[in-house]
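68 is the number of the first residue of the sequence shown in our numbering; add one for each residue after it.
The beta carbon of each residue, even a glycine, is placed where N, CA and C say it ideally should be.
Comments concern the structure below.
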Amino acid sequence: MILLFALLGISTSIIGALPLGASNIAVINTTIKQNLKQALKIAITAGVAEVLLSVYALNYNMMVKDFFSTNQWVQVLLAITLLGIGGLLFFKKDKSNSTPKSKSSALKSKYATGFLLGLLNPPVLIYWLLVYGIINSKVAMLTISSPVAQLFGFFIGVYLGKTLTLYFYGKFSVYMMRKFSNVNQIINKVTGSLLVSVGMLQFAKLYFV
68 MILLFALLGI
78 STSIIGALPL
88 GASNIAVINT
98 TIKQNLKQAL
108 KIAITAGVAE
118 VLLSVYALNY
128 NMMVKDFFST
138 NQWVQVLLAI
148 TLLGIGGLLF
158 FKKDKSNSTP
168 KSKSSALKSK
178 YATGFLLGLL
188 NPPVLIYWLL
198 VYGIINSKVA
208 MLTISSPVAQ
218 LFGFFIGVYL
228 GKTLTLYFYG
238 KFSVYMMRKF
248 SNVNQIINKV
258 TGSLLVSVGM
268 LQFAKLYFV
């Protein structure tokens with residue numbers, strides 16, 4: 068039973084982590100500008116933040132749903148932020164001669180960056196609300212009062228799914244670096260285009276659905 072809930076956590080976490088988000092972009096950029104080892108530090112703490120968000124969504128399911136439905140400005144702000152960041156990335160010029168930070172500051176900032184980018188992410192919170200609705204109606208009942216073993220298995224799966232997905236994003240970035248000399252510009256333009264598209268879809272959902 069624990070294994071089944073762990074697999075459920077892994078699969079739902081991977082699905083949620085596959086679309087490009089802030090932590091994914093941070094892993095890609097860190098791999099390109101530094102190395103995969105530094106990027107994995109972002110993945111480790113982003114996984115912790117993912118678990119915290121999924122626990123919060125499970126514990127305060129209806130409260131969070133009501134907040135997002137009655138405070139449309141949060142969704143508008145999110146869409147504007149996505150459009151802004153996407154536009155900046157798309158038109159950003161590649162700067163290869165940046166001064167590297169000291170090793171100690173880089174170690175600290177990568178862990179903090181991964182945690183904050185993973186935690187301050189309203190779309191992920193909304194995603195977990197939807198996931199719990201589907202799980203409880205189609206798969207199995209999962210609440211904050213479920214057996215500890217089930218919750219432990221599920222949240223371990225959530226952590227593994229998030230970190231593994233970010234790891235594969237890092238590996239893909241390494242592959243891209245070997246294939247293309249101007250990989251920074253390619254990643255920026257692709258990421259920028261995707262973020263702008265997501266922002267436009269968010270506006271469309273707000274005003275036409």
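If you reduce the DSSP assignment to three classes, tell me which class residue i lands in.
| i | result |
| --- | --- |
| residue 212 | coil |
| residue 243 | helix |
| residue 68 | coil |
| residue 256 | helix |
| residue 159 | coil |
| residue 168 | A caution first: residue 168 carries a pLDDT of 46, below 50, which makes its placement in the model unreliable, though a value can still be read off. It is coil, neither helix nor strand. |
| residue 73 | helix |
| residue 85 | coil |
| residue 271 | helix |
| residue 173 | At residue 173, the pLDDT of 46 sits below 50, so the modelled position is not reliable; the number obtained from the coordinates is stated separately. Of the three classes helix, strand and coil, the one that applies to residue 173 here is helix, per DSSP. |
Alpha carbon to alpha carbon, how far is residue j from residue i? Give it in angstroms, no decimals.
| i | j | result |
| --- | --- | --- |
| residue 68 | residue 127 | 25 Å |
| residue 157 | residue 256 | 4 Å |
| residue 33 | residue 271 | It is not possible to answer for residue 33, since the shown part of the chain is limited to 68 through 276. |
| residue 140 | residue 146 | 10 Å |
| residue 193 | residue 95 | 24 Å |
| residue 111 | residue 234 | 9 Å |
| residue 103 | residue 73 | 26 Å |
| residue 268 | residue 217 | 36 Å |
| residue 168 | residue 101 | Confidence at residue 168 is low in this model, with a pLDDT of 46, below 50, so the placement of that residue is unreliable and no value is reported for it. |
| residue 263 | residue 202 | 31 Å |
| residue 211 | residue 245 | 46 Å |
| residue 163 | residue 240 | Residue placement at residue 163 cannot be trusted, given a pLDDT of 48 that sits under 50; what the coordinates show is reported in the next sentence. Between residue 163 and residue 240, the C-alpha separation is close to 16 Å. |
First and last residue of the alpha helix (DSSP H) that includes residue i?
| i | result |
| --- | --- |
| residue 96 | 89–100 |
| residue 121 | 103–126 |
| residue 189 | 189–201 |
Comparing the CB of residue i with every heavy atom of the ligand MG, is any distance shorter than 6 Å?
| i | result |
| --- | --- |
| residue 179 | The ligand MG is not part of this structure, which contains no ligands at all. |
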